[in-house]
Each structure stands twice: as structure tokens, then as C-alpha cells.
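> Sharing a structure below in C-alpha cells format, with a few things to ask.
There are 2 protein chains.
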Amino acid sequence: MTYPEQNNRFQTRCGDCPLRKLSAFEEFSPQTLKFMQQFKVGELKIEAGTQLLMEGHSSPQLFTLLSGMGLRYKTLEDGDRQVVNFIFPGDFIGMQAGILGEMKHSVEATTAMTLCVFDRKEIWQVFRNEPQRAFSLTWLVAIEEHFLGEALASIGQRSAIQRVAWALSRIHSRLTALKLNNGSAVPLPYRQRDIADAVGLSLVHTNKTLAELRKKQLASWVDGHLVVSDKRKLAKVAGVDLDNEVSQRPLI
Amino acid sequence: MTYPEQNNRFQTRCGDCPLRKLSAFEEFSPQTLKFMQQFKVGELKIEAGTQLLMEGHSSPQLFTLLSGMGLRYKTLEDGDRQVVNFIFPGDFIGMQAGILGEMKHSVEATTAMTLCVFDRKEIWQVFRNEPQRAFSLTWLVAIEEHFLGEALASIGQRSAIQRVAWALSRIHSRLTALKLNNGSAVPLPYRQRDIADAVGLSLVHTNKTLAELRKKQLASWVDGHLVVSDKRKLAKVAGVDLDNEVSQRPLI
DNA sequence: CGGGAAGTTGAAGCCAGTCAAGATTTGTGG
DNA sequence: CCACAAATCTTGACTGGCTTCAACTTCCCG
Chain E
3 MTYPEQNNRF QTRCGDCPLR KLSAFEEFSP QTLKFMQQFK VGELKIEAGT QLLMEGHSSP
63 QLFTLLSGMG LRYKTLEDGD RQVVNFIFPG DFIGMQAGIL GEMKHSVEAT TAMTLCVFDR
123 KEIWQVFRNE PQRAFSLTWL VAIEEHFLGE ALASIGQRSA IQRVAWALSR IHSRLTALKL
183 NNGSAVPLPY RQRDIADAVG LSLVHTNKTL AELRKKQLAS WVDGHLVVSD KRKLAKVAGV
243 DLDNEVSQRP LI
Chain H
3 MTYPEQNNRF QTRCGDCPLR KLSAFEEFSP QTLKFMQQFK VGELKIEAGT QLLMEGHSSP
63 QLFTLLSGMG LRYKTLEDGD RQVVNFIFPG DFIGMQAGIL GEMKHSVEAT TAMTLCVFDR
123 KEIWQVFRNE PQRAFSLTWL VAIEEHFLGE ALASIGQRSA IQRVAWALSR IHSRLTALKL
183 NNGSAVPLPY RQRDIADAVG LSLVHTNKTL AELRKKQLAS WVDGHLVVSD KRKLAKVAGV
243 DLDNEVSQRP LI
């Protein structure tokens, strides 16, 4: 697989990375910044709908999403799909390929994306020479594990309205932390099928559940925008503890 | 929390660890062995039913399970429980406390357990001085993330019989890899409620589903022993790919 | 031998799945 | 810029897999 758009290397210097300024991310030390700058091998732009990584395949490259949104998902034998997580700016993509040797899920761009590109082979050098960064990588995997555990609890134990509320609450929190919100509204470019495949409900029932959340004024997702006027009320239905959320994560 | 049984330190030297001999685990280099021996601070025996780690709490200690079986689970606000994974010999316990600062799930001993004890504060030294081991730690977190993704896909998309078949198939594989099997039978000291809480089904329906698996001669779990005479047949129902399983994992 | 925990079984009800059709939006080529 | 096609969203009706309730059995362990 080749990416023609990848030629213009070093478009953004890490020092100028707009994500760094967000309070959602930990600060970089000057050394870390320098290291990241040389760890970065290029930048990549892809269009909406593009498959970035594929389940079962390795990838010579790892990515950090600079802008755009996407999906991680697993495809089952019979064609069913489980959306494992949503991907937002600042997310590190491809760790499984970097650590385990192959991806255990696919990654698809829902909107157009700009990505920072790294060389997978350098992962080992990170562990050898940059223990701080290696720890951050592990931290990210651990947080993802935590998230999946929470997802499992939600899907496994809760009702339809609780599950959908959970997904919307989580999404709204993350996008707000990234300052992508406009007041209580955040852009949400996914389709209902994506949410349905994430929470393990049928498309039809997801639609009806979204309508119910709208009617109860808990969350309104219309025209690609999600509005949550009272996030505590939504969080309560969702079974989410807003006071126990991770406030800062490392940026790779 | 104090563990009276912990006094007799260094009961087992890592060099004599029976788990090391299993082909399910990667081999230790002599340096690694030496490092592990000094990383280990003691040994712990606990009885069945003991809670080892608690959700939301930190832990000054990390563990490797030497013998016995247990459960990782999350408790929801209303008392419902999601079993996140089963714990078998060789599993490393407490990583989340080590990396994230607190546990995101509880850990309970289903049978009596013997555990290897490590000092959580030393985790950072592992990253600094033993990049190889640090990589192994990350690998373990990544595998756990992979497992939870698969669990999510199973719970989210499959029917009752497929979910239970999935759980039993996974358990049977792991216990067989640990050579705990006696022919096609493995010990399985859990209660039906544990499996029910793991696959997101009611206790009653789990019971009926187990009966159906027995009747179809796919898996028979009676008297604390699980017998799977044709693991390929079970794996097919479960949607598990036996050819794509992880064959070796690092032992910490 | 008595009491509690775990397993088993049947019956009834409901939450969510499936089917189907129509409305709305998006995309595309003339 | 319009017309048609395809994708997405919406709604109603019906169905069924799983939950809940309840009673009984079996297995332990003191």
C-alpha cells in the first residue's frame, strides 16, 4: 500500500503541533519534543471512507491523528461488525501492530484525516532509549484496555437507552476536552449504524433509542451534531462517573 | 491491608519456578532471570473467596499468579457485575494500578492462590533499566486489550449459545496451554453465575445454554470440570479462530 | 441432619430484533 | 441546476430470544 500524499514530509513541526496546546494532553519536555520530531517520518492526508489499517495485517507505520475522525472495528465471520472505539484527534493508531505484530481490528476514516506518521521499527528504540515515552505508550494501551472494560460492562449489563447514553456521553466528553465543542454541541460525523454496531443494538432500535433520548432531552444528535445540554443528567442515565474521568493523556 | 502469609520470603526462587518450564511462556534469558529474582519481593498465599485488589484503589504490590484461579470484574452502581476476564496461572495482576495509578476492576480469588509479589514502585525501574521487560509488560497489556475487544465483539454481536461457547472455548484453550488438562478435560472451579456475568446473560438462561451445549456435545461442564471433546466444533460455534491464537506469552 | 448455596426446570412477559415501507438526505451525471 | 439513484433515517407491526419469577432438586459443610 502506498500513500501518494505522503511525499510532502515534515509539513508540521512537532513544535508547532496544534494539539500540544490543548490542556487535554500532557506537556512535552524539550527533549521529548526533539525526540518526537525525529521519530516522526511524515504526514499523511486521506479522504473520508479510506481504510487506514486492516485487521490481521501488520503495518510498517504508526500514526497519530491530527485532525478528522474515524472508527476502530472488528469484522466477524458472518459480516457483522463490532465498533470497538471511535477515533479522535490526538489518538495514537496502530499500537497493536507495533507491539503484537499485527492489528487486531481495522481502522477506517469516517471523515478526511490528517495523520502524523511514524516508523513502526522505531518502537523498539523508544523502549531502549526513551523510557519516559515507552511508559506513555504503555499508559495509552492501558487506558484503552480500561475503556474496553467499561464498554464491555455497559454492553453486557445495561439496557438499550443506557448503552446509547453511555456512548454519547463518552463521545461528548472526549470531544469537549479537545475543544471541538461549540457550547454544548459537538460535531459527530458518524452514521446511526456506527453507534448501533458500537453498542450492540440493531440499527432500528438504535434509531428509536436516539429518538427517546431526544424526547427526554438527554441528548440530541441531529445533522451531524450532538447536543448535550445537561451532561450530568446524561451521565447519570449512562452510569458514567464524570468525576472520575482521565483529565490528561500523553500525546505521542 | 496486610498479608500475614507474606513473611516467608523467597520461598520459590525464580529459577525453580514451575511455570517457566511451560511452552506457553517465552524463555527467560539469564539476565532476565536475575532481574526477576530481585524484582520479586515475596510470595503470598490466599484462600478462596479473598478479594486481592479492589476497583478504584491503588495497590503497593503487583502479582503473578503461580497457582489457583480467579476473576477480574467491575461492579456497577446498581450492584450488577461484569466479569472482565478469568485469571489463570502465569497471569500478571495489578498492571492498571502500576501504570494508571489505580485499578479499574476488582480481582478476586475463586480458589486458593499462590502469588509472586512485586513492588509497584519498581515498575518505573523496569522501564528505565530493563527495556526488554518493559516491552513484555506492554505486550501483556496489549494482549489484554485484544482479548477485551474480542469479548466485546462476542457479547455485542452474538447469540447466547455463541457467547457461552466463546467463553468456554477460550477458557479451555488457555488451561490446556498451561497443561492443566487431563485429556480433553480441564478443571473449572467457577460458578454458573460467573460465566453468566462474563457473557452478559442471566443466570437462568446461561444454565439453559450450558445444557444445550451439553446436549449438542459441544462442551460439557459438570462437577467443576469442563470437557471439550471436539474443540474445533466448539470453536466454530464460538466464532473463534484456533489457528490464530497467541502461542506464547511473556511471564513476568 | 438441617440450612444455605448452587444448579435445574417451567411458565409468563417484555425488550429488542426483524421485516417492511415510506420519508429524507446525499451523491452523481446529464 | 435539475433528475434520478443510492444511502440514510424514520416509523409501525410483528416476532422471538432472553429475562424474570417461582418452585424444586442437589450438593455441601458444619
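Chains E and H are the protein sequences, given in the same order.
Under our numbering, read the first sequence as residues 3 to 254, first letter to last.
Under our numbering, read the second sequence as residues 3 to 254, first letter to last.
All C-beta atoms in this analysis are idealised placements derived from N, C-alpha and C, irrespective of residue type, glycine included.
1) Quick check: E:E57 and E:M105, are their CB atoms within less than 8 Å of each other?
2) If H:V248 and H:A167 are in contact, beta carbons under 8 Å, what's the gap, nearest whole angstrom?
3) What residues are listed by DSSP as bridge partners for E:Q84?
4) Report the neighbours of E:M97 on chain H: residues whose CB is nearer than 8 Å to its CB, in chain order.
5) What is the DSSP secondary structure of H:R172, reduced to helix, strand or coil?
6) Measuring alpha carbon to alpha carbon, tell me which residue in E:T178, E:I163, E:L236 is nearest E:F2.
7) Indicate whether at least one CB of chain H lies closer than 8 Å to the CB of E:K106.
8) How about E:H59 and H:G151: are their beta carbons less than 8 Å apart?
9) Kindly identify the DSSP beta-bridge partner or partners of E:L55.
10) Can you name, in chain order, every residue of its own chain whose Cβ lies under 7 Å from the Cβ of E:N183, other than the five neighbours on each side?
11) What's the gap between the Cα of E:I163 and the Cα of E:R172?
12) Using Cβ-Cβ distances below 9 Å, what residues of the stretch 157-175 of chain H are close to chain E?
13) Could you run through the stretch 215-245 of chain H and flag, in chain order, every residue whose CB is less than 8 Å away from some CB of chain E?
14) Skipping 5 residues on each side, what residues in its chain have a beta carbon closer than 8 Å to that of H:D93?
15) Along chain H, which residues have their Cβ under 8 Å away from the Cβ of E:V119?
16) Along the chain, where does the beta strand (DSSP E) containing E:Q250 start, and where does it finish?
17) Could you tell me whether the stretch 66-84 of chain H touches the stretch 107-118 of chain H, where touching means 3 or more Cβ pairs closer than 8 Å?
18) Does any CB atom of chain E fall closer than 8 Å to the CB of H:P133?
19) Which residues of chain E have a Cβ atom closer than 7 Å to the Cβ of H:I101, listed in chain order?
20) In whole angstroms, give me the CA-to-CA distance for H:L24 and H:R251.
21) Please list the partners that H:A153 has in chain E, where partner means a Cβ-to-Cβ separation under 7 Å.
22) Between the stretch 194-211 of chain E and chain H, which residues of the former have a C-beta closer than 7 Å to a C-beta of the latter?
23) Can you give me the Cβ contacts of H:T116 inside the same chain, cut-off strictly under 6 Å, excluding the 5 residues immediately before and after it?
24) At which residues does the beta strand (DSSP E) containing E:L154 begin and terminate?
25) Does chain E have any CB closer than 8 Å to the CB of H:H148?
26) Who are the near neighbours of E:V143 in its chain, counting only those whose CB is closer than 8 Å to its CB and skipping five residues on each side?
27) So, with DSSP's three-state summary, where would you put H:G44?
28) Just verifying my parser: in three-state terms, what is the DSSP assignment at H:M115?
29) Could you name the residues of the same chain whose beta carbon sits closer than 7 Å to that of H:S204, not counting the 5 residues immediately before and after it, in chain order?
30) Taking just the CA atoms, how far does H:T14 sit from E:L244?
31) Helix, strand or coil, according to DSSP, for H:F27 in the structure here?
32) Short of 6 Å in beta carbon distance, which residues of its chain neighbour H:V229, apart from the five on each side in sequence? Order them along the chain.
33) Using DSSP bridges, identify the partner residues of E:L67.
34) E:L78 touches chain H at which residues, Cβ-Cβ below 7 Å?
35) Say whether chain H places a C-beta atom closer than 8 Å to the C-beta of E:D93.
36) Throw me the rounded Cβ distance for the H:Q194 and H:V119 pair, which I believe falls under 8 Å.
Inspection of the coordinates gives the following:
1) yes
2) Going by Cβ atoms, the distance from H:V248 to H:A167 rounds to 20 Å, so no, they are not a contact pair.
3) E:K76
4) Listed by position along chain H, the residues whose Cβ is nearer than 8 Å to that of E:M97 are A144.
5) helix
6) Since the displayed chain E opens at 3 and closes at 254, residue 2 of chain E lies outside it and no answer follows.
7) yes
8) no
9) E:V109
10) L177
11) Pairing E:I163 with E:R172, the inter-Cα distance amounts to about 14 Å.
12) I157, G158, Q159, R160
13) G241
14) T66, L67
15) What E:V119 touches in chain H: nothing, since even the nearest Cβ is about 21 Å away.
16) Segment: none, E:Q250 is in no beta strand (DSSP E) and carries neither H nor E.
17) The stretch 66-84 of chain H is in contact with the stretch 107-118 of chain H.
18) yes
19) T140, W141, A144
20) Annotation: H:L24 to H:R251 spans about 11 Å, alpha carbon to alpha carbon.
21) L154
22) Here the close residues are G202.
23) K47, L68, S69
24) Note, E:L154: premise wrong, no beta strand (DSSP E); alpha helix (DSSP H) at 133-159.
25) yes
26) M97, I101
27) strand
28) strand
29) Taken in chain order, the residues that qualify are A198.
30) 44 Å
31) strand
32) S186, A187, S222
33) E:L117
34) A155, Q159, G241
35) no
36) Rounded, the Cβ-Cβ distance is 32 Å, inconsistent with contact.
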